[in-house]
Amino acid sequence: MVYRVGAKDIIQNQKASKLAAHEHTDSGEYGMAASAIKEATDAGRLVLEEGGNAADAIIAIQLALAVVEGMNTGIGAGGFLVYYDSERDETKVLHGHSSAPEAVTPDLYVDEAGNMPPFDDRSIDAKSVGVPGIMRTLELAYNRYGSLPLERLIEPAIQLAENDYRVNFLWERTIDLFKDRMSDETKKLYVPNGTPLKEGDMVKQPELAKTLKLIRDKGFDCVYEGEIADAIINTVQEHGGLMTKEDLKGYKADVYEPLWSSYKEFDLAFPAPPNGGGFAVAQMLKMLEAFELKQYPPHSWEKYHIIAEAMRLTLADRHTYIGDPKFINIPLEGLMNPDYITERGKLIQLDRRMEKVHGGNPWKYQSGEKSERPYVESHQEGFETTHFTAVDRWGNVAACTSSIERIFGSGITVPGYGFLLNNDMTDFTPEPGTVNEPNSNKFAVSSKTPTIVFHEGKPFFTLGSPGAETIVASVLQVLLNVLEYEMDLEEAIQERRIYNTADLSIEWQDGINEEAMAKLKELGYHSDQSFKSVTADDRLGDIQAILIDPETGRLYGAADYPRPGEAEGVKQPPENSDK
C-alpha cells in the first residue's frame, strides 16, 4: 500500500502556541526565529520585527550565540548556511566550514611511533585548530542578502557581552562535565578563581565585547586581517599549532548549489560534499521511501529497526566515498541513483539484522575514475554544535549550523579577545590514506545538515541539529515524523530518537518504549544512553525548526528541550514594510 502525505494535512495538525506548557514553541504571521538559547532567538526576532530579513536575523542570532553559547560556537567557528531567496526564487548554500592550514599533511595525527592519539587528546591540541569560516559566511550572507546596517545586527551581541548575563543550565552542565578541556585562559571565564559557574550566576564578557565592537567598526574582515587575526595566529602558534597569517588571510567562504533530493511530494535542499550530513539524510530518505513507514506505528519496533538498518548502510557509504571533492572523485550520482538505492534497500529484512555492513558499489551506476581508498568504519567527532533558523515575512528562509566542534573547541581562548578556537581538524579521519584524511587546505567531512524542505516549489519546512554524526539521525527522524507521520512540530521534535554507526560500535537511543526495545533486543540490538557521557545534552540532538503554511504564510516554530532555546514568532507587521 502507498501512503500519501499532504502538506495541508501536516499544517492542519499544527497547534503551536506560546503557552506555559509549550514554552519552546510559537507561531507567527510575519516572521519566526529559533535557536538553542532564548537570548539569541530574541536577537533574531527583534531584527525581524524591525523589518530585517532572514539573513539579517541569522547574522544577529549567530553573533548573539557567540556570547551566550560560546562553548559551542562563536568567532572561531565554521559552518554551513542554506538560504532561500524569495525574490530570486533560488536556494544557495553558503559554505563556511573550517579548512586545514596549508602546513597540514596526512600524518597530522600520527606520532613518531606510528600511533594515533585518542580523540580527546587530539581535540585539545593546537594542531586541531582549523581556519575558521563562520565570520566569512556572515560577511557573504550580509553582502548578498542583508538589508539592515551591520551595527544594528551586532548590537544585541555587544549588549549581551557587556552586561550581566545569567548563567543557564546548559552552561552549568557543560562546565561541570568538561572543565578539564579548558586552558587556563578559558577557565578565567568559566571557572573564575577556581569555582565553576553555576546556574543563576551573573557573568560579563568585556573582552568578547571588545572583539564584537571591532567587527562592528571594521567589518568581518578584521577577523582575517588585522588585530583580531594577529591575536588568533599568536595564540595558535604559542600553543604549537600550524595556522599562519596567510591561512587566515586566504580564507574565502563560497556559494554552492545545494544537494537536491526528494521524499514523496517534497523536495529537499542540503549542503553538498564536503558536507556529509546532507548526503546521508538524502540517501536514507530515498531508501526509506520504499518501505512506506506509515504502515508501522511511530513507536513500533519495525520502524526503529528499518531506520537503524538504513542508517548503517548509508553511513557505510559515507565513510567509504564522501570527502573533499577537490581531493577525490565522489560517485555522488551513483550513490543517489534510484537503482543503487533500491539495491541497498533490499538488504534490509524485517526478521533479522545485518551482521556486517560495508559501502556498496555505486560506480556501477556512474562513469568516472574511481578513488580507491581503504574503508574506515567510524571515527569520533565532537558533539557540541548549534543550529538556528529564521524565516521572514517575504518568505526568505535561512538555516545555519555552526560549531567549534567539541565542547569548548580546542579549549584554547584567544587572550584579550574572549573567544574559543575550534578543533575542527578532528573532523578528519586520523588514518592517512583514507577518503577523509587530513591534508593541506582541505575541508574535512562535516555532519552539519541545515535543511530546507519545499512543497510544490515553495519553502515548507526548515530544520537542523547539533550532535556530530548523530545530526543525520536527528534530522532524518524529525523529517519522517513531520513528512511521513504528519505530526505536530513540537510532537515531532519530542519523539524519541535512535542512532547507530555502520559497524554497531555505537547503538544509542534516548528513551524508546520498553515493548519496542524488547523486540529489538531479540534482533540483537543493544541500545543504551551512554551518549550522556560525551555530551552535555540529555538526548540525541537539539532540533530547531520552522514550518511554513504554503497557502497563508503562517509560521510554526519549535525548539528542542536539551538546551534553553525558544522559537519566537513575529505577531505584527514589521516597522519597515520594504525588503
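Following full-length UniProt numbering, the numbering of the sequence shown begins with 1 at its first residue and continues without gaps.
Even glycine gets a Cβ: it sits at the ideal position worked out from N, Cα and C.
Where T211 is concerned, the enclosing alpha helix (DSSP H) starts and stops at 206 to 218.
Going by DSSP, S403 is part of no alpha helix (DSSP H) but of the beta strand (DSSP E) stretching over 397 to 403. Going by DSSP, A60 is part of no beta strand (DSSP E) but of the alpha helix (DSSP H) stretching over 54 to 68. When secondary structure is reduced to three states using DSSP, D538 falls in the coil class, being assigned neither helix nor strand. The beta carbons of T449 and T73 sit no closer together than 8 angstroms.
Contact check for V104 against L242 passes: the beta carbons are separated by less than 8 angstroms. Here V357 is near A316, since their CB atoms are less than 8 angstroms apart. Burial state of G194 is exposed, judged by a 10 Å Cβ sphere holding fewer than 16 other Cβ atoms.
Taking C-beta atoms as the reference points, A141 and L214 fail to come closer than 8 angstroms.
When beta bridges are read from the DSSP output, V391 appears opposite M32, V397. If you draw a straight line from the Cα of R496 to the Cα of I175, it comes to about 26 angstroms. Judged by pairs of C-beta atoms under 8 angstroms, the region 246 to 254 does not touch the region 410 to 428, as fewer than three such pairs exist.
Cβ atoms of G78 and S447 stay farther apart than 8 angstroms, at about 12 angstroms. Judged by DSSP secondary structure, F454 falls within the beta strand (DSSP E) whose first and last residues are 451 to 455. Comparing alpha-carbon positions, the option among L170, A100, I548 lying closest to A398 turns out to be I548. Judged by their CB atoms, P196 and K179 are nearer to each other than the 8 angstroms cut-off. As the crow flies, the alpha-carbon of S527 is around 26 angstroms from that of I341.
L153 has its alpha-carbon roughly 7 angstroms from the corresponding atom of I59.
Put simply, the backbone Cα of G130 is about 13 angstroms away from that of R122.
Per DSSP, P156 lies in no beta strand (DSSP E); the unbroken alpha helix (DSSP H) holding it starts and ends at 150 to 162. Distance from the Cα of F531 is smallest, within the candidate group Q509, V472, K521, for Q509. Nearest to G219 by C-alpha distance, out of T320, R393, T389, E139, is E139.
Here A473 is buried: its Cβ has 16 or more other Cβ atoms, across all protein chains shown, within 10 Å. Of the residues H455, T462, E69, L476, the one whose Cα lies closest to the Cα of A7 is H455. Contact between M32 and L555 holds: their C-beta atoms lie close to 4 angstroms from each other, under 8 angstroms. For secondary structure counted as the alpha helix (DSSP H) over 4 or more consecutive residues, the region 437 to 520 holds these complete runs in sequence order: 470 to 483, 489 to 494.
For the pair of segments examined, the region 476 to 483 was found to touch the region 260 to 268: the number of CB pairs separated by less than 8 angstroms reaches three.
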